[in-house]
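Down below is the structure, laid out as structure tokens.
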Amino acid sequence: MSNNQDNLENKLSDAKATASSMLTKGKHVSAGNKTTAVEVAKTGSIKDLILWLVAAVVLIAATLVNQYLPGYWQPANDVWVRIGIIVALVVVALVCLALTHQGRAFKILLKDAAVELRRVTWPSKDETFQYTWQVLVVIAIVGFFIWLLDNFFNWFVGIFIG
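Mapping of the sequence shown onto the UniProt record's numbering: residues 1 to 162, in sequence order.
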């Protein structure tokens, strides 16, 4: 019995160590300090404010290109030129947003999400098939119940309306 308990304690300590390493792995090193995506996103500067404003102006300009640019610039009468300009403006806005602290935090978040997706245990084909049928049966039962309630309320309201 003592051997089993020692084995369980060893497994528990290993699990605790693994969990603590997973928790610290979510933090990233930036300029010598450990910072998380939330901490990076909460920081801000004048540069961030300017980049956000530039991105907003560029996106507004991208929405107005199709309507107003052909009246001022002859080559913009071609639809592909307008599409190219709109795509270029959207890319410029995304680059501006990526250069902000919030953009860096979003990149950290995407990296952390990719790491978490590798840890996911996906269901097998048989489990997926079984769960799909269970969902379909429950949907049919709930649908039938709602249909009965609808008919009952139609009948009940029909008594009063006539």
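Think of the CB as a built atom: it goes at the ideal place given N, C-alpha and C, for glycine as much as any other residue. Because the structure is a prediction, the values reported are computed rather than measured.
Would you report the Cα separation of residue i and residue j, rounded to the nearest angstrom?
i, j, result
"Ile60", "Asn154", "50 Å"
"Leu94", "Asp14", "43 Å"
"Leu129", "Arg118", "Sequence check: residue 129 is Phe here, not Leu. Approximately 22 Å, taken between the alpha carbons."
"Val137", "Ile146", "14 Å"
"Ser30", "Ala113", "The predicted model places Ser30 with a pLDDT of 44, which falls under 50 and marks its position as unreliable; any figure quoted below should be read in that light. Cα-Cα distance, rounded: 19 Å."
"Asn151", "Val120", "44 Å"
"Ala17", "Val115", "18 Å"
"Thr100", "Thr43", "10 Å"
"Gln134", "Ala105", "40 Å"
"Thr63", "Val87", "11 Å"
Let's test the definition: count the other Cβ atoms within 10 Å of the Cβ of residue i and tell me whether it reaches 16, buried, or not, exposed.
i, result
"Ile159", "exposed"
"Leu89", "buried"
"residue 165", "For residue 165 there is no data in the structure shown, the boundaries of the chain being 1 and 162."
Give the C-beta separation of residue i and residue j to the nearest angstrom, bearing in mind that I take them to be a contact with Cβ-Cβ under 8 Å.
i, j, result
"Cys96", "Ala55", "4 Å"
In this structure, does DSSP put residue i in helix, strand or coil?
i, result
"Leu99", "coil"
"Asp14", "helix"
"Val120", "coil"
"Gly158", "helix"
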